[in-house]
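Undergrad:
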Amino acid sequence: MRAQIALLPGDGIGVEVVAEAEKLLLAVAAKFGHEFSFVRGLIGGCAIDATGEALPDETLSICRASQAILLGAVGGPKWDNPSAKTRPEAGLLKIRKELGLFANVRPIKASPYLVQASPLKTEIVAGVDILFFRELTGGLYFGESGRKTNPDGSETAFNTMIYSTHEIERIVRLAGQAARGRRKKVTSVDKANVLEVSRLWRQTFDRVMQAEFPDVQTEHVLIDAMAMHLISKPKNFDVVVTENLFGDILTDEGSMLPGSMGLLPSASLGADGPGLYEPIHGSAPDIAGKGIANPLATILAAAMLLRHSLHLETEAVAIEKAVDHVLSRGHRTADIAGGGPAVSTVRMGELVLEAFLAV
Ligand code: NAD
Ligand code: IPM
Ligand code: MN
Numbered sequence: 001m002r003a004q005i006a007l008l009p010g011d012g013i014g015v016e017v018v019a020e021a022e023k024l025l026l027a028v029a030a031k032f033g034h035e036f037s038f039v040r041g042l043i044g045g046c047a048i049d050a051t052g053e054a055l056p057d058e059t060l061s062i063c064r065a066s067q068a069i070l071l072g073a074v075g076g077p078k079w080d081n082p083s084a085k086t087r088p089e090a091g092l093l094k095i096r097k098e099l100g101l102f103a104n105v106r107p108i109k110a111s112p113y114l115v116q117a118s119p120l121k122t123e124i125v126a127g128v129d130i131l132f133f134r135e136l137t138g139g140l141y142f143g144e145s146g147r148k149t150n151p152d153g154s155e156t157a158f159n160t161m162i163y164s165t166h167e168i169e170r171i172v173r174l175a176g177q178a179a180r181g182r183r184k185k186v187t188s189v190d191k192a193n194v195l196e197v198s199r200l201w202r203q204t205f206d207r208v209m210q211a212e213f214p215d216v217q218t219e220h221v222l223i224d225a226m227a228m229h230l231i232s233k234p235k236n237f238d239v240v241v242t243e244n245l246f247g248d249i250l251t252d253e254g255s256m257l258p259g260s261m262g263l264l265p266s267a268s269l270g271a272d273g274p275g276l277y278e279p280i281h282g283s284a285p286d287i288a289g290k291g292i293a294n295p296l297a298t299i300l301a302a303a304m305l306l307r308h309s310l311h312l313e314t315e316a317v318a319i320e321k322a323v324d325h326v327l328s329r330g331h332r333t334a335d336i337a338g339g340g341p342a343v344s345t346v347r348m349g350e351l352v353l354e355a356f357l358a359v
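Next comes the structure, spelled out in structure tokens:
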């Protein structure tokens, strides 16, 4: 098949990890006889430096003209000034909103080869397989916000958590559909004991699930308790659906089940148009430029890209198997090496490539 893939490496380790995933995509094209063309775009801090905007129009047009987008990460201390006109993260929020990418799918699977990498006990972690659906274009991230100076010179700022039934229904539906192909259970996470938005979320979830997915088991868990259950009994969860900020926080926490942020990929999907694929981690300024970042999250995001946007299931599985193989042989980047010997970002990319070519 022919496909155009937009590459948006972004900032910090984003550049390092996307380079490795790109090599894998090129190898997929060569091995399976596809024609992938890559078009690069600027997003985040590098885009602010070059154009003054975190998401230049040109990048958006490149993305709209592509079948899928692979993104690294944005942000860094250079652009952290609280009074700056714009921030790198604004580019990420804008691309998600502009492309209607309301569903952020974040699988959390503990590899049997990596149980030692998790700070949690093996019996808790072994066999974990959770699929998060994080709503991505609503909630506190996109509600009305503002800041004003009070008469006494102090300041007040506010953000608004806002959701419509339509926004809740569509993400709940995706979660219900996914559960049907899995263990048929959906956990909805909210704060319905306090937030009006969560009460609407809960009612809408119940209505959609009862009417359209009566065969799927459901439960509600409050966000604070969920933060605890996620690491004390993670095997109780199959599909989890939640609003934007709760999903952001829970999935970073959940990365400690497999053992590192550097292992978790994500897909951001809309009703139509290109999907956007990225690791869940950020630009990691503490290790950027050192060549030690784990590229597996981004390589696995490339596998999700092949599966969801290009419908190349065999190719996606081939990449995932190659990653498993490399981990089974004991190769580790520093984040999962537990102080033992570690390979570089580039070497990890090469190892996966070699394993991919070998099968
Ligand atoms: P981060 O995810 O960048 O890093 C958190 C910790 O995890 C750091 O110690 C980092 O070294 C480690 N880490 C992350 N990815 C790793 C990898 N692939 N391999 C090894 N270690 C890895 O979060 P942060 O430090 O809170 O944020 C840094 C910047 O990234 C901020 O500007 C933030 O806004 C941005 N950010 C961007 C995205 C994105 O682009 N999607 C996501 C999260 C954070
Ligand atoms: C993520 C990030 C972003 C988010 C930031 C950088 C805007 O943390 O992709 O998880 O909060 O969605
Ligand atoms: Mn995040």
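For the sequence shown, position 351 (counting from the first letter as 1) is numbered 351 according to full-length UniProt numbering, and the numbering increases by one without interruption.
Note that CB positions come from ideal geometry on N, CA and C, so glycine has one too.
Owing to the predicted nature of the structure, the values given are computational and were not obtained by experimental measurement.
1) Can you tell me which of the three DSSP states THR137 falls into?
2) Could you tell me which residues DSSP pairs with residue 360 in its beta bridges?
3) Starting from the C-beta of ALA303, find all residues in its chain whose C-beta is less than 7 Å away, skip the five residues before and the five after it, and write them out in chain order.
4) Could you give the distance in angstroms between the alpha-carbon of THR314 and the alpha-carbon of ALA293?
5) If you draw a straight line from the C-alpha of ARG147 to the C-alpha of SER283, how long is it?
6) Sorted by chain position, which residues of the same chain lie with C-beta nearer than 6 Å to GLN8's C-beta, five sequence neighbours on each side aside?
7) Quick one: complete alpha helix (DSSP H) runs, 4+ long, within the region 65-131?
8) Does the Cβ-Cβ distance between PHE213 and VAL189 come in under 9 Å?
9) What would DSSP say about PRO9, mapped onto helix, strand or coil?
10) From this set, PHE237, VAL221, ALA227, which residue's C-alpha is nearest ASP248's C-alpha?
11) Roughly how many angstroms separate the alpha carbons of HIS325 and GLU123, rounded to a whole number?
12) Quick one: residues in its chain with C-beta nearer than 6 Å to the C-beta of VAL239, no 5 flanking neighbours on either side, listed in chain order?
13) For GLY75, would you say it is in contact with chain C, using Cβ-to-Cβ distances shorter than 9 Å as the test?
14) So which of PHE237, ASP129, SER268, GLY270 has the shortest CA-CA distance to SER111?
15) For LEU195, which three-state DSSP category applies?
16) Which two residues bound the contiguous beta strand (DSSP E) that contains residue 362?
17) Given ARG202, which residues of its chain have a CB within under 8 Å of its CB, disregarding the five upstream and five downstream residues?
18) Who pairs with GLU320 in a beta bridge, going by DSSP?
19) Could you tell me the alpha carbon to alpha carbon distance between LEU99 and PHE158, rounded to whole angstroms?
20) May I ask which residues mark the beginning and end of the beta strand (DSSP E) holding LEU222?
21) For THR137, verify whether its CB is less than 8 Å away from any heavy atom of the ligand MN.
22) Among all the DSSP beta bridges, which residues are the ones paired with GLU278?
23) Do LEU99 and the ligand IPM come close, with the Cβ less than 8 Å from some heavy atom?
24) Please look up how many angstroms separate the CB atoms of PRO88 and ALA54, rounded, as I've assumed it's under 8 Å.
25) Distance check for SER266 and LEU276, CA to CA, integer angstroms please.
26) Quick one: is GLU16 buried, meaning 16 or more other Cβ sit within 10 Å of its Cβ, or exposed?
27) Given this structure, state the Cα-to-Cα distance separating ALA84 from ALA73, to the nearest angstrom.
28) Quick check: is any heavy atom of the ligand NAD less than 8 Å from the C-beta of VAL346?
29) Kindly give me the distance between the Cβ atoms of GLU253 and ILE231, rounded to whole angstroms, as I take these residues to be in contact under 8 Å.
30) Going straight from the alpha carbon of TRP79 to that of CYS46, what length do you get?
31) Can you tell me whether VAL359 is helix, strand or coil according to DSSP?
32) Return helix, strand or coil for LYS148, following the three-state DSSP convention.
33) Looking at the structure shown, is SER328 part of a helix, part of a strand, or coil, going by DSSP?
34) Can you have a look at ALA271 and say buried or exposed, based on whether 16 or more other CB atoms are within 10 angstroms of its CB?
TA: If we stick to the structure as given:
1) Reading the sequence shown from its first residue, position 137 is the one you call residue 137. In the structure shown, THR137 sits in coil (DSSP, three-state: anything other than H, G, I, E or B).
2) Residue 360 is absent from the structure shown; the chain starts at 1 and stops at 359.
3) Residue 303 sits at position 303 when you count from the first residue of the sequence shown. Excluding positions up to five away in sequence, the list reads ALA316, ILE319, GLU320.
4) Walking along the sequence shown from the start, residue 314 turns up at place 314. Walking along the sequence shown from the start, residue 293 turns up at place 293. Going from the Cα of THR314 to the Cα of ALA293 covers about 27 Å.
5) Here the question's residue 147 lines up with position 147 in the sequence shown. Here the question's residue 283 lines up with position 283 in the sequence shown. Going by the C-alpha atoms only, they are around 28 Å apart.
6) To locate residue 8, count along the sequence shown from 1; it is residue 8. The amino acid occupying residue 8 in the given sequence is Leu; Gln does not appear at that position. GLY41, ILE43, LEU71.
7) 88-98, 122-125
8) Translated into the one-based positions of the sequence shown, residue 213 becomes position 213. Translated into the one-based positions of the sequence shown, residue 189 becomes position 189. Not in contact: PHE213 and VAL189 (Cβ atoms no closer than 9 Å).
9) On the sequence shown, position 9 is the one that residue 9 refers to. Of the three classes helix, strand and coil, the one that applies to PRO9 here is strand, per DSSP.
10) In the sequence shown, residue 248 corresponds to position 248, counting from 1. Among PHE237, VAL221, ALA227, the Cα nearest to that of ASP248 is on ALA227.
11) Mapped onto the sequence shown, residue 325 falls at position 325. Mapped onto the sequence shown, residue 123 falls at position 123. Their Cα atoms are separated by approximately 22 Å.
12) Translated into positions along the sequence shown, residue 239 becomes position 239. Answer for VAL239: LEU131, ALA175, ALA178, ALA179, VAL186, listed in chain order.
13) No chain C is part of this structure, which consists of one protein chain only.
14) Within the sequence shown, numbered from 1, the residue matching residue 111 stands at position 111. Here the closest residue by C-alpha is ASP129.
15) Taking the first residue of the sequence shown as 1, we reach residue 195 at position 195. In this structure, LEU195 counts as coil in the three-state DSSP scheme.
16) Past the boundaries of the shown model lies residue 362; the chain is included only from 1 to 359, so the question cannot be answered.
17) For the purposes of this step, residue 202 is taken as residue 202 along the sequence shown, with counting starting at 1. Around ARG202: SER188, ASP190, ALA192, HIS220.
18) Stepping through the sequence shown from its first residue, residue 320 is reached at position 320. In the DSSP output, where bridge partners are listed per residue, GLU320 has none listed.
19) By one-based count along the sequence shown, residue 99 stands at place 99. By one-based count along the sequence shown, residue 158 stands at place 158. The alpha-carbon atoms of LEU99 and PHE158 are separated by roughly 26 Å.
20) Numbered from its first residue, the sequence shown carries residue 222 at position 222. 217-222 is the extent of the beta strand (DSSP E) around LEU222.
21) Translated into the one-based positions of the sequence shown, residue 137 becomes position 137. Result no, Cβ not under 8 Å from the ligand MN.
22) Indexing the sequence shown from 1 puts residue 278 at position 278. Per DSSP, SER266.
23) For this step, residue 99 is matched to residue 99 along the sequence shown. Not so, every heavy atom of the ligand IPM lies at least 8 Å from the Cβ.
24) Within the sequence shown, residue 88 is the residue found at index 88, counting from 1. Within the sequence shown, residue 54 is the residue found at index 54, counting from 1. Indeed they touch by this definition, with Cβ atoms about 5 Å apart.
25) Counting from one through the sequence shown, the residue named residue 276 turns up at place 276. Counting from one through the sequence shown, the residue named residue 266 turns up at place 266. C-alpha separation (whole angstroms): 8 Å.
26) Start at 1 with the first residue of the sequence shown, and residue 16 comes out as number 16. Buried: at least 16 other Cβ atoms inside 10 Å.
27) If you number the sequence shown from 1, residue 84 lands on position 84. If you number the sequence shown from 1, residue 73 lands on position 73. In a straight line, the C-alpha of ALA84 is about 19 Å away from that of ALA73.
28) Counted from its first residue, the sequence shown places residue 346 at position 346. Every heavy atom of the ligand NAD is 8 Å or more from the Cβ of VAL346, so no.
29) Here residue 253 refers to the residue found at position 253 of the sequence shown. Here residue 231 refers to the residue found at position 231 of the sequence shown. Confirmed, Cβ separation roughly 7 Å.
30) For the purposes of this step, residue 79 is taken as residue 79 along the sequence shown, with counting starting at 1. For the purposes of this step, residue 46 is taken as residue 46 along the sequence shown, with counting starting at 1. Those two C-alpha atoms are separated by around 10 Å.
31) As a working note, residue 359 is residue 359 in the sequence shown. VAL359: coil per DSSP, three-state reduction.
32) Working through the sequence shown from its first residue, we reach residue 148 at position 148. Correct three-state label for LYS148: strand.
33) To locate residue 328, count along the sequence shown from 1; it is residue 328. Helix, per DSSP.
34) As a first step, residue 271 must be located in the sequence shown, where it is residue number 271. Result: exposed.
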